[in-house]
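Respectively, the protein sequence lines represent chains H and X. Here the first sequence stands for residues 33 to 989, numbered as in this note's numbering. Here the second sequence stands for residues 601 to 1076, numbered as in this note's numbering. Where a beta carbon is used, it is the ideal one built from N, C-alpha and C, also for glycine. Note that this is a predicted model, so its numbers are computed, not measured. Comments concern the structure below.
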Amino acid sequence: MKRQIISILVMQLVIGVAFVQSNASAANNEQAEQLFVRRIIPLFHEKCLACHGKDEAQIKGGFDMRSLASMLKGGESEQPGLVVGKPEQSPLYLAVTRKHDDWQPMPPKEADKLSAEQVTWIKDWIAGGAFWPDDARAKEIAKANSEKWSAEDGVSVKTSGGLSPEWTERKYKSEGLWAYQPVKKPIPPMKDGNSIDAFIAARWPAGLQSAPLADRVTLIRRATFDLIGLPPKPEEVEAFVKDSRSDAEAFAKVVDRLLDSPHYGERMAQHWLDVTRYADTSGFANDYERGNAWRYRDYVVRSFNADKRYDQFVREQIAGDEIDANDPEQIVATGFLRMGPWELTGMEVEKVARQRFLDDVVNSVGETFLAHSLQCARCHDHKFDPVPTRDYYSIQAVFATTQLAERAAPFLSNENVTGFEEKKYLEMRRAEYLEVLARLDDQMLAAAQSWFQEKGIDPARWNAAIANAADGKSPTRTPMSSRREFKDLFNAARNAIMKEGVPEDQFPPKLVGFSPEDYGNERVARKGLERLKWELERYEPYALAVYGGRTRQYKTVFTPLRMPSDRMTAGELEVTCVLTGGDPFSAGQKVTPGVLSVLVAAQQTPIPDTIEGRRLAFADWVANAENPLTTRAIVNRIWLWHFERPIAGNPNNFGSTGKKPTHPELLDWLAATFVEDGWSFKAMHRIMMNSEAYRRGTRHPDRKTLAEKDPTGTSYAVFKPRRLTAEELRDAMLAATGELNPVLGGIPTRPEINLEAALQPRQVMGTFAAGWTPNPLPRQRHRRSIYALKVRGLPDPLQEVFNAPAPDFSCERREASTVTPQVFSLFNGQASHSRALALANRAMKEAQTDEQAIARSFALAFSRQPSQDELQTCLAHWRDIEALLSDTKTVASKPPLEVRRDAVEENTGEKFSFNERLHAYADFVPDLQPTDVSTHTRALADVCLALFNSNEFVYVY
Amino acid sequence: MSTNRFFPGADVRDLHGPTRREFIYSLGASLGSVALSALLADEAKTNPLTPKQQHLPAKAKSVIFLTMEGSPSHLDTFDPKPKLAEMHLKEFVREGKQKSAMESGKRYYVQSPFKFAKHGQSGADMAQNWEHLAKVADEICFFRGCTVDSVNHPTAMYQMNCGNRFGGDPGIGAWVNYGLGTVNQDLPGFIVLPEVSYPQGGAANWSNGYLPANFQGTPLRAKGSPILDLTPPVGVSAARQRKNLDLIAKLNAAHVAQHPGHDELAARMDNYELAFRMQMQVPEVLDLSKEDEKTKELYGVGKDATDAFGRKCLLARKLVEKGVRFVQLYNGSWDSHDYIERAHGNLVRGVDQPIAALITDLKQRGLLDSTLIVWCGEFGRTPDNGVRGGTAYGRDHNPNAMTIWLAGGGCNAGHTIGATDELGMQAVEGKAHVRDFHVTLLRLLGLDDNKLTYYHAGRFKQLSQFGGTVIKELIG
């Protein structure tokens, strides 16, 4: 067992110190003191004091490193922490070497270990006498040497100041500060040609040749998926291939055409919503629907399609309501601030829930716009970056008057408000819940009578209470029953009697006579009614939004919140303080609204501390052209969306621990150019896509040299292929079959998802949510994936296995891992089989011969014609399958009108079952069924299934 | 292999895209095959799922994690408080700022409806309705000192399972597989046996989080197809499916020839073959019919009350025997705000015999030493209740006291560690945050939480979030 550094013989130490001091020369003393001030104490602060001194009550192993005396005293090991002059006998030194058998390696985390240089400092310091000058002397030394040291050690950064002077004065390596430097537009290293290519050429590995440019078919497929998330139509491919203009000119036209497509906005919105964590539900225990979140999603689509200036886009999302509270568009835009998962149930402490919102919104703003994960400064000053915790709370103060509400916002003429008639299915469900509750009420009333009879108690008083409640004149309308919209005589009477002070054994217990089924059904119905209030928001002119105002107390939030008329006067005006350790109950120093102090130079408008106006002033700072984080962050994202790798490796983290830009000049040139071009996304796409770097092929002529010269794959000598995202995969199948309904926007759609997942009972706080019922009509279901209802607690399994990100964290870039469940979904799943059948049917209709049908399938799926070999292989397969099918019968599948659920009831711990009617299925029109087509077509569907599962379909080159 | 286990941040994976090898391993992780293991044997050194050395010597090699979702009451199971009988229905006033709406209104102390007795040589306290578990009391190490941060289910659930209250981080099973690899490349290293309905917070409770997808928990669903779309739609015969697979292979072969250097293609092709074989293998693994009748009877399989959880426990033993590293079982809901006598009574009846059988069975097979069993909820419960509506006594959520117990795996069996105050409101002795419990759990598996880190979003992350302390008393 290794020992931990522990106590000391104080006497021995004191003598030791005296001895060393008396023998050391003055010059050596000064050097040793300098070492302490310059290296040792900052190192202790960085690596040791968090556990060995910061919190007096919780000093690890009893070893206190706040003074030489306490270190000499040691900790639980009862040995001195160091022996002055003798590093090899000093536990402190031995522990940081991590090599000594007796002493546990320190700091404990492997990742935190000291560098060889830092270990040497400790050694030299102990050997040199372990000098520990007092504060005054330390300051004097620091002052005298500051110029010399900063030239050698790195740079100071001016901020609003940390919790300790050591943090405030610490030095930074300049390479870690690249993101805070002003963007200066570099001059491209070559005058002619595309500037991007010039910057890439400037860092080109010597002796490496580039891949040839991609052929036109490859290129149009790449560009079309990149800009609209769909495959090119066969006619579009043909037109481009036949275009007699030069490759560059013809391709520029393709890019222009795609940028004009309304689907461009959908594709870009998907990227943006990945970052902002879009979902149609609120997560956690209840996972209530956010009925009007879709309006924010469509706002994003619209904004991209209109090529809205990015600075404006930023301002609207942070402070739309403060820009123009009368413009519904601006209210809708603030939905961004609501994207994080959030709820307040009766099980949670209100202040904690409020703080969760504030922490979430601050971090989200940081990651999304500033490429800074600000949560690292929530509990302490940032460990690596010049972000003091004070800044974190100053930014939080910007949002201290931001309140959550579903605000009135009339529908705009450019919003898709069709399909609202589906509301009838929700109303049918509502009626059913009411019926269940009325039945249970009747049942309890009857059971109550039996109860009185059994107990031999006179029910007169009870009956009077019932009569009163039935008349509606009962004084018993407790807050609980008044919010209920269902027949609830039993509880009304019971509450009335309780209020009268009748002893509890004189009237029936609650839920009297309930069977386990009754308990279960009652909860399902009651929670179901509550959930419907959120779902019904979809069709109402409200927006998932915020308002400026005082903070009011809510015990729970179980129904959409509206903006109160007394928002400026009622409630608490929050005062933001630094929260010690991030704990909402440990308020420290007060702060005022502010920005990241390291970039205060970009702030032109001071942030007021009035209730309204804080966010707008803050947004002006974010969206200021002089804010280097904002402009670099967005062009870095656009680059990632085209090249499958960002220039700076962590698009959500430009701090010193994030990956440095591979082409910093290029990044700055793009950022500056973006601003010059009016913050235009479309202009940026043109610049990037018309470069040779973008148009290069994915096949390198000399892979060996490529691997040698470009081991990190950042030369752009070859284009990087990518797997389609989950959404593209589904949309591309629908596009190929011709089933895709290209309508833009509107209330969320519900495609068919795996039926078992759709109907699996889903827990929501004490009971179960209704199942997933698809839209009745194929054209409603076959909308683009971005419009599919996104339920945090019930992701579409097909989307999930293909790495659609969970919306709890911001997704800076998509993963594309290959795991076996993908095969199950894509090869076995009903959706793939349905699409394959639809593609076969389309190919049959659009072709005269079998050969043409195969060729058509290839053109629709792969944007090319089959080779002779492929054609023959597919024809043979078709015949084989048809032979297999000839003796099998097909049966049309019937939609389930009702589902039976089994669960364990919370009140009883017993199993119970309940039936749920799936109303929308009554009007269900299935997709094309095997029974609808000939055996010949069905057999072709197997060829089509293979096409959809092939590598060529799922990768874009 | 480009991922360094301890310094993955130094890798260049995301710049290159995963190599073919990594892809193949992912398949192994998600359910692999014997053929695959053979294929990989010579590359064992670089396979992230290859069994790895423990950081420190330890007995436990695998874990069966019994999650009692909704949180059992420590006061009505393993932590008796006779004082509550004296206080029964006396009014209780909550102090402090951490008050939720759940705690509003008049509140009363509530005594436990269950009688307690001491069992085994160790004299472990157990409510009398744990009839079967009482017989193996000396195999158990009870821990009464654990505290958590949350009072609501989903966040507490995430904290117990992933260390972080807001979800999205890797589950314990993912960490354990990341640290130890898996000895059976044919099965996922982290298998979850959920209830028909997933727990609050859903699949995020067993996610791989920021770890590679290889380490994700694979739920075997309790009803219907164990894995979604494991088999093709009705009417697609195996012969037809085989032919379709062959066509895909042919199309892919032509394609891969045109795209040399795109390593992902081959991995994706292999994946289809694996999936095809798995369609047969998974039902075999789940088939309990070959177990002898005595064993099934031991677990309570076939008896109405115990059948469901008995099957899960028996399957868990089978999976551990086959080398699965981490099996998590869900049971519940134990969220008995009301009617605790009836609800807890039924729930205990459902799990008592199966859990006791699991301990007994593992022991007689010589597997108990190498298998750590954990039993816990996400928090404890309060000694007081709002007594909403009269006599339907129950208990509310309590993050300050709970009982977790361990069995096997080198735990300190036959001891009760830590204590709560005389009303069971707060842990007072041996008090430790759940992060310390996590660190201890890893330590029992020979893993050092401070070494088991992964670079993500600019910092090295670990299960305990910021590090913790081993609770030595829990280790035998």
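For residue i, the three-state DSSP class (helix, strand or coil)
i: residue 1039 of chain X; result: helix
i: residue 693 of chain H; result: strand
i: residue 943 of chain H; result: strand
i: residue 203 of chain H; result: strand
i: residue 985 of chain X; result: strand
i: residue 599 of chain H; result: coil
i: residue 72 of chain H; result: helix
i: residue 719 of chain X; result: strand
i: residue 277 of chain H; result: coil
i: residue 586 of chain H; result: coil
i: residue 560 of chain X; result: Given a span of 601 to 1076 for chain X in the structure shown, any question on residue 560 of chain X remains unanswerable.
Presumed contact (8 angstroms Cβ cut-off) between residue i and residue j, rounded CB distance
i: residue 837 of chain H; j: residue 326 of chain H; result: Wrong, their Cβ atoms sit about 19 angstroms apart, outside the cutoff.
i: residue 871 of chain H; j: residue 892 of chain H; result: 7 angstroms
i: residue 279 of chain H; j: residue 245 of chain H; result: 7 angstroms
i: residue 1001 of chain X; j: residue 1025 of chain X; result: 6 angstroms
i: residue 808 of chain H; j: residue 952 of chain H; result: 5 angstroms
i: residue 679 of chain X; j: residue 1020 of chain X; result: 6 angstroms
Pairwise C-alpha distance: residue j and residue i
i: residue 789 of chain X; j: residue 589 of chain H; result: 40 angstroms
i: residue 632 of chain X; j: residue 957 of chain X; result: For residue 632 of chain X, the predicted structure reports a pLDDT of 38, less than 50, and the residue's modelled location is therefore unreliable. A value from the coordinates is still provided. Rounded to whole angstroms, residue 632 of chain X to residue 957 of chain X spans 30 angstroms at the Cα level.
i: residue 670 of chain X; j: residue 758 of chain X; result: 12 angstroms
i: residue 305 of chain H; j: residue 314 of chain H; result: 15 angstroms
i: residue 989 of chain H; j: residue 731 of chain H; result: 9 angstroms
i: residue 688 of chain H; j: residue 1048 of chain X; result: 27 angstroms
i: residue 1068 of chain X; j: residue 744 of chain X; result: 18 angstroms
i: residue 997 of chain X; j: residue 937 of chain X; result: 8 angstroms
i: residue 459 of chain H; j: residue 568 of chain H; result: 9 angstroms
i: residue 542 of chain H; j: residue 523 of chain H; result: 7 angstroms
i: residue 693 of chain X; j: residue 377 of chain H; result: 21 angstroms
i: residue 740 of chain H; j: residue 747 of chain H; result: 12 angstroms
i: residue 942 of chain H; j: residue 946 of chain X; result: 6 angstroms
i: residue 625 of chain H; j: residue 650 of chain H; result: 9 angstroms
i: residue 1041 of chain X; j: residue 742 of chain X; result: 14 angstroms
i: residue 715 of chain X; j: residue 975 of chain X; result: 21 angstroms
i: residue 721 of chain X; j: residue 1009 of chain X; result: 20 angstroms
i: residue 445 of chain H; j: residue 767 of chain H; result: 28 angstroms
Identified DSSP bridge partners for residue i
i: residue 667 of chain X; result: X/930 and X/976
i: residue 476 of chain H; result: Beta-bridge pairing links residue 476 of chain H to no other residue.
i: residue 1075 of chain X; result: X/1011
i: residue 800 of chain H; result: H/795
i: residue 434 of chain H; result: H/580
i: residue 79 of chain H; result: In the DSSP output, where bridge partners are listed per residue, residue 79 of chain H has none listed.
i: residue 662 of chain X; result: X/971
i: residue 998 of chain X; result: X/980
i: residue 792 of chain X; result: X/819 and X/928
i: residue 1005 of chain X; result: X/742 and X/975
Quiz item: Which residue spans inside the region 808 to 866 of chain X form an unbroken alpha helix (DSSP H) run of at least 4?
Solution: 838 to 858
Self-check item: alpha helix (DSSP H) runs contained entirely in the region 844 to 895 of chain H, provided each spans 4 or more residues
Solution: 862 to 877 and 882 to 894
Quiz item: Enumerated in chain order, which unbroken segments of the alpha helix (DSSP H) with a length of 4 residues or greater are wholly contained in the region 349 to 414 of chain H?
Solution: 360 to 365 and 382 to 402
Exercise. Only counting runs of 3 or more residues, tell me where the beta strand (DSSP E) segments fall wholly within the region 616 to 689 of chain H, in order along the chain.
Key: List check, beta strand (DSSP E) in window: 619 to 622.
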